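Below is one structure, written out as structure tokens, with a few remarks after it.
Residue numbers (our numbering), protein chains in the order written: chain A, 18 to 192; chain B, 3 to 388.
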């Protein structure tokens, strides 16, 4: 699949899954590649639980309206999030979801992996965001995996760095 | 000052970064020379307090976490009178708590900046959701008969630039300036590159130069603004929230009161053209004009582009300065169009009411309002045309 000029991405799940941070890291990777980025988020008052989502728009041109209108790719890490977006798969939106927390669904453009379980097996359930990003960017070339790795190297050090790079690798290998 | 800039830049970094509106406002404050922050963190403005708690000490400034918003603005006023460029950041209920002391700053002509990130109310409402419901409070939140300046950015770059501008206006006109983005703009991240020192103009308050014993803190120069000395300097002076004379001491003479009240308004009226900032997008040949501010500017621009594809000539007037209101700019542009649309994230049409006041009851003004904590979309704006 060739790289498009513009990508609109939704990362949805529940508070505490690191979705806003995933949105920031995806955005930072695109900035490293010299592109314009707008990242927004929507969450409730709870720091854990409740529908939480991050939106990222990557474009070579100026990004005028800040919200995602025509998503190219969606990550759903909970049943609630998948329910909200599953119907878009029929319209051609690529949806990645977590089979640990959401019921499996059949259908074109719907791809399920046990992201949370794999992250947990790696030793840190909190790396589920990076693991998912790894899978998504391997399937759809929004940014280069190497740019994401660069962002991770900037943000983390020591054990956390190793673990997150490993999570990214595992995510890429899923595809 | 240059040394401080250098220090600020080393701390803040140089490269193109993805940063949040809130962060751009704290960086704008540092760039403008702010070296004092006092605040009480509140969503969706908390990142500003967080940033300042890290950066202020590194640039030789002061960060004070206060017990509440009343104390926060009081500390800001004190710091400013001691010569520092000072600011605070808050939202919703916190902004309400600051009103009385903001009145003190108006009356004492104390330069200061308050960032009020607008969230959905009333009261504690939906603390994490956006709104544009404080437009009238920005202007009239304080009792009495007073005037302030309020600015409203729509992008992360404008968050930076308008915070620098807010400090410039505060310093130049000895007035509180409020920067009031909605939650969307404050929490949004965009690509941003920090300007070099000197690239953006930074204005410092006028200081007195005459003999300290002759200093009168409320005798204005020809530009309508009096020089301001610093507490702790050889200029010993008095500032009171009660009616005072040219020397700052209590004065109940009606002629003095009339002079003081008028001066607080006139210094802003005199510089109105400099203070009122607007941006035009494809307005030259427009038949449909959207008058927008904050995040709704972005939805309006997207709607205007779509309408043009359908053959409808649409343009956008962005109000960056909300107060004083852009009467002349609105009247001049609206005069040439058939329909005016005012999208805003409030029920009461606070800006639409102002536009109506400017254009008169006969004008075709269509309102688009959202008050559910969600943003206005380009489709919602387009719908009122077709």
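Cβ atoms here follow ideal geometry from the backbone N, Cα and C, with glycine treated the same way. Please read all numbers here as calculations on a predicted model, not as lab measurements.
Burial state of residue 142 of chain B (16 or more Cβ within 10 Å): exposed
Using a Cβ-Cβ distance under 8 angstroms, would residue 82 of chain A count as near chain B? yes
Report the rounded CA-to-CA distance for residue 20 of chain A versus residue 230 of chain B, giving the unit in angstroms. 58 angstroms
Any idea what DSSP makes of residue 175 of chain B, helix, strand or coil? Residue 175 of chain B falls in the helix class under three-state DSSP.
Note down the Cα distance separating residue 275 of chain B from residue 49 of chain A, rounded to an integer number of angstroms. 40 angstroms
Whole-angstrom distance between residue 300 of chain B and residue 309 of chain B, CA atom to CA atom: Those two C-alpha atoms are separated by around 14 angstroms.
Applying the 10 Å Cβ sphere with the 16-neighbour rule, what's the burial state of residue 183 of chain B? buried
Alpha helix (DSSP H) containing residue 82 of chain B: first to last residue? 71–83
Assuming residue 144 of chain A is part of the beta strand (DSSP E), what are its boundary residues? Run containing residue 144 of chain A: none; DSSP gives neither H nor E here.
For residue 370 of chain B, which three-state DSSP category applies? strand
Cutoff 8 angstroms: residue 35 of chain A Cβ touching any chain B Cβ: No, its Cβ sits nowhere closer than 8 angstroms to a Cβ of chain B.
Roughly how far, in whole angstroms, is the beta-carbon of residue 45 of chain B from the beta-carbon of residue 165 of chain B, given that I think they are within contact range, below 8 angstroms? At roughly 19 angstroms, the Cβ-Cβ gap does not stay under 8 angstroms, so residue 45 of chain B and residue 165 of chain B are not in contact.
Does DSSP classify residue 117 of chain A as helix, strand or coil? coil
Interface flag, residue 53 of chain A vs chain B, CB-CB below 8 angstroms: yes
Kindly list the residues whose CB is nearer than 8 angstroms to the CB of residue 157 of chain A, restricted to its own chain and excluding five residues on each side of it in sequence; keep chain order. In its chain, beyond the 5 residues on either side, 18, 24, 89, 90, 111 have a beta carbon closer than 8 angstroms to the beta carbon of residue 157 of chain A.
Would you please verify whether the beta carbon of residue 190 of chain B is less than 8 angstroms from any beta carbon of chain A? yes
If you draw a straight line from the alpha carbon of residue 377 of chain B to that of residue 272 of chain B, how long is it in whole angstroms? 36 angstroms
Where residue 58 of chain A meets chain B, residues with beta-carbon distance less than 7 angstroms: 189
When you compare the stretch 67–81 of chain B with the stretch 133–140 of chain B, are there three or more beta-carbon pairs, one atom per stretch, that lie closer than 8 angstroms? no
Mind listing the chain A neighbours of residue 300 of chain B? Cutoff is C-beta to C-beta under 8 angstroms, in chain order. 81, 82, 83
The stretch 106–121 of chain A / the stretch 61–72 of chain A touching (three or more Cβ pairs under 8 angstroms): no
Counted within 10 angstroms of its Cβ, other Cβ atoms place residue 155 of chain B as buried (16 or more) or exposed: buried
Say whether chain B places a C-beta atom closer than 8 angstroms to the C-beta of residue 62 of chain A. Residue 62 of chain A has a beta carbon lying within less than 8 angstroms of a beta carbon in chain B.
Determine the DSSP secondary structure at residue 55 of chain A, reduced to helix, strand or coil. strand
Residue 319 of chain B: contacting residues in chain A (beta-carbon distance under 9 angstroms): Chain A residues near residue 319 of chain B: none, gap ~16 angstroms exceeds 9 angstroms.
The stretch 322–335 of chain B touching the stretch 102–116 of chain B, judged by at least three CB pairs closer than 8 angstroms: no
Sufficient close CB pairs (3 or more, under 8 angstroms) joining the stretch 185–194 of chain B to the stretch 219–233 of chain B: no
Quick check: what's the CA-CA separation for residue 314 of chain B versus residue 98 of chain B? Taking C-alpha positions only, residue 314 of chain B is separated from residue 98 of chain B by approximately 42 angstroms.
Return helix, strand or coil for residue 93 of chain A, following the three-state DSSP convention. Residue 93 of chain A falls in the strand class under three-state DSSP.
Starting from the C-beta of residue 214 of chain B, find all residues in its chain whose C-beta is less than 6 angstroms away, skip the five residues before and the five after it, and write them out in chain order. For residue 214 of chain B, where only same-chain residues beyond five positions count, the Cβ hits under 6 angstroms are 236, 237.
May I ask which residues mark the beginning and end of the beta strand (DSSP E) holding residue 32 of chain B? Note, residue 32 of chain B: premise wrong, no beta strand (DSSP E); alpha helix (DSSP H) at 23–33.
Measure the CB-CB distance between residue 118 of chain A and residue 94 of chain A and report whether it falls below 8 angstroms. Taking 8 angstroms as the Cβ cut-off, residue 118 of chain A and residue 94 of chain A qualify as a contacting pair.
Hey, is the stretch 284–296 of chain B in contact with the stretch 340–358 of chain B, meaning 3+ C-beta pairs nearer than 8 angstroms? yes
Which residues of chain A have a Cβ atom closer than 8 angstroms to the Cβ of residue 186 of chain B, listed in chain order? 57, 83
Could you list which residues in chain A have their beta carbon closer than 7 angstroms to that of residue 129 of chain B, in chain order? Near residue 129 of chain B (Cβ distances below 7 angstroms), the residues of chain A are 62.
If you follow the beta strand (DSSP E) that residue 378 of chain B is in, where does it begin and where does it stop? Per DSSP, residue 378 of chain B belongs to no beta strand (DSSP E) and is neither H nor E.
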